[in-house]
Structures are given as structure tokens and as C-alpha cells.
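**Q** Here it is, the structure, as C-alpha cells.
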Amino acid sequence: MPKLPNDAPFPFHGRIVWLTPGQGGRTTGPPQPADGHTYAANAYVPPRTAVTGLASFVLRGFEPGALVSTADGRWLVVENTGAFRVEAGTVVVITEGPKTVGYFHVEHAG
């Protein structure tokens, strides 16, 4: 799992909820990044879909292997505007390819 520079901002704070394998989530369960590392995947903001609004998203600071945990997030490349706009109350759908594996509930966007 990649390790981003320490000065890379993670402006979104909230709660990540991972789907179980039985719910269609990751077959290996929630990610377990090493301390200080991040989890990079794809994501979109509804009403967009994995077909119409997918972009790279990064999470850090969550409890490795936990189904529910607080976390920090950020877009990797795109700006926080238009179809990718995230603010408090937004749910970011986390995917691996087109498959939904979790939901990041944003409580604060700074």
C-alpha cells in the first residue's frame, strides 16, 4: 500500500464502513494497511456511479481490519469540485474497480 508524503492534506474526516464478503465487499475483509500507510482505491460521489464518476481516493487513519472506523480521506488527483465535490454529509462510495466495498461517511470537510 502506498505511503503518501506527510504533507499531503487529508481534508475529509468521517467514518468508513466496509462491506463484509457476504455483502459483496472485499473477499479478504477490510484492508489492513501498516501503521502510517494508506489505502488507495477508486470512489465516486452519488448520484454518479462507478461508470460516470470514478476517481482515485485515498483513506488513512482507520483501524486496520475493522468493519467500522473513523478515517481521513482525500481525492488523489481530482479537485474537490463538480462531480467530485465532498462536504459534510456526503457519502463517498469506495470501490475496487466497479465493485462497491465500502462507504465513507464524511462528517467534516476542511
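When we follow this note's numbering, the leftmost residue of the sequence shown carries the number 7, and every step to the right adds one.
We treat Cβ as the ideally placed atom computed from N, Cα and C, and that holds for glycine.
Owing to the predicted nature of the structure, the values given are computational and were not obtained by experimental measurement.
#1: Could you give the distance in angstroms between the alpha-carbon of Lys105 and the alpha-carbon of Pro17?
#2: DSSP puts Glu102 in a beta bridge; with which residues?
#3: At the level of alpha carbons, what is the spacing between Tyr109 and Ala56?
#4: Between the C-alpha atoms of His111 and Thr96, what's the straight-line distance to the nearest angstrom?
#5: Roughly how many angstroms separate the alpha carbons of Thr26 and Thr87, rounded to a whole number?
#6: Beta-carbon separation of Tyr50 and Val107 under 8 Å?
#7: Answer yes or no: does any C-beta atom of chain B fall closer than 8 Å to that of Gly116?
#8: Measure the CB-CB distance between Ala94 and Glu113 and report whether it falls below 8 Å.
#9: Across which residues does DSSP place Gly20 in a beta bridge pair?
#10: Less than 8 Å separating the beta-carbons of Ala46 and Val64?
#11: Give me, in chain order, the residues of the same chain whose beta-carbon lies closer than 8 Å to that of Ala61; leave out the 5 immediate sequence neighbours on both sides.
**A** Taking the geometry as given:
#1: Along the sequence shown, one-based indexing puts residue 105 at 99. Along the sequence shown, one-based indexing puts residue 17 at 11. Straight-line measurement puts the Cα of Pro17 at about 25 Å from the Cα of Lys105.
#2: The residue labelled residue 102 in the question sits at position 96 within the sequence shown. Beta-bridge pairing links Glu102 to Lys105.
#3: Along the sequence shown, one-based indexing puts residue 109 at 103. Along the sequence shown, one-based indexing puts residue 56 at 50. Tyr109 and Ala56: Cα-Cα distance of roughly 13 Å.
#4: Taking the sequence shown and counting its residues from 1, one reaches residue 111 at position 105. Taking the sequence shown and counting its residues from 1, one reaches residue 96 at position 90. Their Cα atoms are separated by approximately 6 Å.
#5: Within the sequence shown, numbered from 1, the residue matching residue 26 stands at position 20. Within the sequence shown, numbered from 1, the residue matching residue 87 stands at position 81. In a straight line, the C-alpha of Thr26 is about 31 Å away from that of Thr87.
#6: As a first step, residue 50 must be located in the sequence shown, where it is residue number 44. As a first step, residue 107 must be located in the sequence shown, where it is residue number 101. It is not a contact, given that the beta carbons lie outside the stated cut-off.
#7: The chain inventory of the structure shown lacks chain B, comprising one protein chain alone.
#8: Numbered from 1 along the sequence shown, position 88 holds the residue referred to as residue 94. Numbered from 1 along the sequence shown, position 107 holds the residue referred to as residue 113. Their beta carbons are under 8 Å apart, which means Ala94 touches Glu113 by this criterion.
#9: The residue labelled residue 20 in the question sits at position 14 within the sequence shown. For Gly20, the pairing in a beta bridge is given by DSSP as Ala77, Val112.
#10: If you number the sequence shown from 1, residue 46 lands on position 40. If you number the sequence shown from 1, residue 64 lands on position 58. Yes, they are a contact pair.
#11: Taking the first residue of the sequence shown as 1, we reach residue 61 at position 55. Closer than 8 Å at Cβ, skipping near neighbours: Asn48, Ala49, Tyr50, Trp81, Leu82, Val83, Val84, Phe90.
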